[in-house]
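Asker: Structure in structure tokens, see below.
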Amino acid sequence: MQATAIAHPNVALIKYWGKRDRDTNLPAVGSLSLTLSGLETRTTIWLDKDSTEDQLVLNGQPDSSATARARLCLDLLRERAGIEAGASVESTNNFPTAAGLASSASGFAALVKAGAAALGIDADADALAGVARIGSGSAPRSLYDGIVVLENRESDTATGSVHCATISAPDNWPLAVMVVITSSAAKEIGSTEGMELSRKTSPYYQAWLDTHQADLDAALGAVREQDFDALAELSERSCLKMHAVAMTSQTPLFYWSAATVACMQRVWELRRSGVPVFFTIDAGPQVKAVCLPEVATQVKAELARVQGVQDVIECGLGQGAWVES
Ligand code: 2P0
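The opening residue of the sequence shown carries number -17 in the working numbering; numbering runs sequentially from there.
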């Protein structure tokens, strides 16, 4: 009745931004992501059959909003196992939480993996992806290794299966990812709220939906061909489109700092000079620079020198969430 699981966060190259509706947490678009080694969430769950309460402690602090989302996932797992028991959940991240580093993705991937193990359910990633998605739309991706696609199908339902899969294993096409920290403060408006604001108010939201699948299909082709330049163009384009939608929401969601922009410019300078690197940015001021492993040391040093950069964490492609034995 106790288990520990570990999950890496992931970074999307073709972004998820927007839900079909908030209650089901079904994404309005598919996405393509990298599961990142080097950063991790570690979650332990203890079950108590004499209790009906769930409690989640994140980085040493009780977290009521994460507890409410966790309960939705745990309820589904308890129903599958036919076991009623309250859960005490303790989760820690070895990286800044809620600062645009996909802590909710690794958090919910680790939660469902640990929860299933504690309840004695023998469940692989495919069996858990739908449960993780209820906690966080990007969480299914952290259940899978390497380069991952999360499809958006019209037929998807709230509690139905999720179409998520590894399309390239970590050693099939190794990529390095520099996570450039420009601020470790938690963001003021979380992704869930931000996406809803964009859906309701950005004049560019419909254009984002209309043009998204073509980007995803082209990026899948670029991964298949291991065409770095094509993946670079498509990833930066998806990132800038997502931020254009966010910035034109009412009120504006402007996630970048001066250091974010300086890093983007440095990445472009490097690429113009022949270095295989591109950037992506999530709902926060950090920049992720994706490059081929042979230029990782150079890219890391160049970005560490940019004014306002606090730290650069070197990651590779990692495995999907696993249970600690
Ligand atoms: C992504 N993000 O594709 C995009 C890019 C943030 C920016 O997926 O509301 O924390 O819990 O489903 O999973 C963040 O979304 O949002 C995210 P919810 P989640 O990585």
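Don't be surprised by glycine CBs; every beta carbon is placed ideally from N, CA and C.
Identify the residues that DSSP records as bridge partners of serine 70: which are they?
Answerer: Answer is Trp28 and Gln37, bridged to serine 70.
Asker: Pull up the CB-CB distance for glutamate 35 and glycine 68, whole angstroms please, since I reckon it's below 8 angstroms.
Answerer: Confirmed, Cβ separation roughly 4 angstroms.
Asker: Please give me, in chain order, every unbroken run of the beta strand (DSSP E) with length at least 3 that falls completely inside the segment 256 to 285.
Answerer: You should have 259 to 262 and 269 to 273.
Asker: If contact is defined by three or more beta carbon pairs under 8 angstroms, each pair taking one atom from either stretch, is the segment 129 to 147 in contact with the segment 246 to 259?
Answerer: Not touching, per the Cβ criterion.
Asker: Listed in chain order, which residues are found with a beta carbon closer than 5 angstroms to a heavy atom of the ligand 2P0?
Answerer: With the cut-off at 5 angstroms, the residues found are Ala(-6), Lys(-3), Tyr(-2), Ser13, Ser86, Ser118, Gly119, Ser120, Ser173, Thr174, Asp264 and Ala265.
Asker: Suppose the cutoff is 7 angstroms on Cβ atoms and the five residues either side in sequence are ignored; what does the same chain contact list for aspartate 197 look like?
Answerer: Closer than 7 angstroms at the Cβ level, and outside the excluded window around aspartate 197, lie Ile(-4), Leu216, Arg219 and Ser220.
Asker: For glutamate 284, does the count of other Cβ atoms within 10 angstroms reach 16, so buried, or fall short, so exposed?
Answerer: Under this definition glutamate 284 is a buried residue.
Asker: Restricting to runs no shorter than 4 residues, where is the alpha helix (DSSP H) found entirely within the segment 185 to 239?
Answerer: Taking only runs of at least 4 residues, the alpha helix (DSSP H) segments lying wholly in the segment 185 to 239 are 187 to 207 and 210 to 229.
Asker: Taking the Cβ atom as the reference point for each residue, do glycine 112 and threonine 17 lie within a distance shorter than 8 angstroms?
Answerer: No, these two residues do not count as a Cβ contact at 8 angstroms.
Asker: Give a yes or no on whether the C-beta atoms belonging to phenylalanine 77 and cysteine 55 are separated by under 8 angstroms.
Answerer: Contact: no.
Asker: Consult DSSP for alanine 92 and reduce its assignment to one of helix, strand or coil.
Answerer: Here alanine 92 sits in helix by DSSP.
Asker: Given this structure, state the Cα-to-Cα distance separating lysine 95 from leucine 14, to the nearest angstrom.
Answerer: Straight-line Cα distance between these residues: approximately 21 angstroms.
Asker: Touch check for the segment 263 to 278 and the segment 153 to 167: three-plus C-beta pairs under 8 angstroms?
Answerer: The segment 263 to 278, when compared against the segment 153 to 167, does touch it at the 8 angstroms Cβ threshold.
Asker: Express the C-alpha separation of glutamine 232 and glycine 172 in angstroms, rounding to a whole number.
Answerer: Taking the straight line from one Cα to the other gives about 15 angstroms.
Asker: Distance check for proline -9 and aspartate 104, CA to CA, integer angstroms please.
Answerer: One C-alpha to the other measures close to 23 angstroms.
Asker: What residues are listed by DSSP as bridge partners for tryptophan 304?
Answerer: Partner(s): Ile(-12).
Asker: What residue range is occupied by the uninterrupted beta strand (DSSP E) comprising leucine 58?
Answerer: First-last for leucine 58: 46 to 63, but that is the alpha helix (DSSP H), not the beta strand (DSSP E).
Asker: Specify the secondary structure class of methionine 177 as computed by DSSP and reduced to three states.
Answerer: Helix.
Asker: Please report the distance separating the alpha-carbon of alanine 109 from that of leucine 132.
Answerer: Rounded to the nearest angstrom, the two C-alpha atoms are 14 angstroms apart.
Asker: Within its chain, find whatever has a CB closer than 6 angstroms to the CB of glycine 300; leave out the 5 residues flanking it on each side and keep chain order.
Answerer: Contacts found: His(-10), Thr17, Leu18 and Ser19.
Asker: Isoleucine 65 and leucine 101 look like a contact to me (Cβ under 8 angstroms); what is the Cβ gap, rounded to whole Å?
Answerer: Sure, about 6 angstroms apart at Cβ, within 8 angstroms.
Asker: Check the DSSP bridge columns for leucine 252 and list the partner residues they point to.
Answerer: Per DSSP, none; premise fails for leucine 252.
Asker: With 16 as the cutoff for other CB atoms within 10 Å, does aspartate 264 come out buried or exposed?
Answerer: Aspartate 264 is buried by the Cβ-count criterion.
Asker: Exposed or buried, which one is methionine 177 when buried takes at least 16 other CB atoms within 10 Å?
Answerer: Counting Cβ neighbours within 10 Å, methionine 177 comes out buried, since at least 16 surround it.
Asker: Give me the residue from Thr26, Asp3 and Ile116 with the minimum Cα distance to aspartate 57.
Answerer: Checking every option, the nearest Cα to that of aspartate 57 belongs to Ile116.
Asker: By Cβ distance below 8 angstroms, which residues in the same chain neighbour glycine 42 in space, the five residues on each side in sequence not counted?
Answerer: Thr74.
Asker: Specify, as a first and last residue, the run of the alpha helix (DSSP H) that aspartate 108 falls within.
Answerer: That run of the alpha helix (DSSP H) goes 107 to 117.
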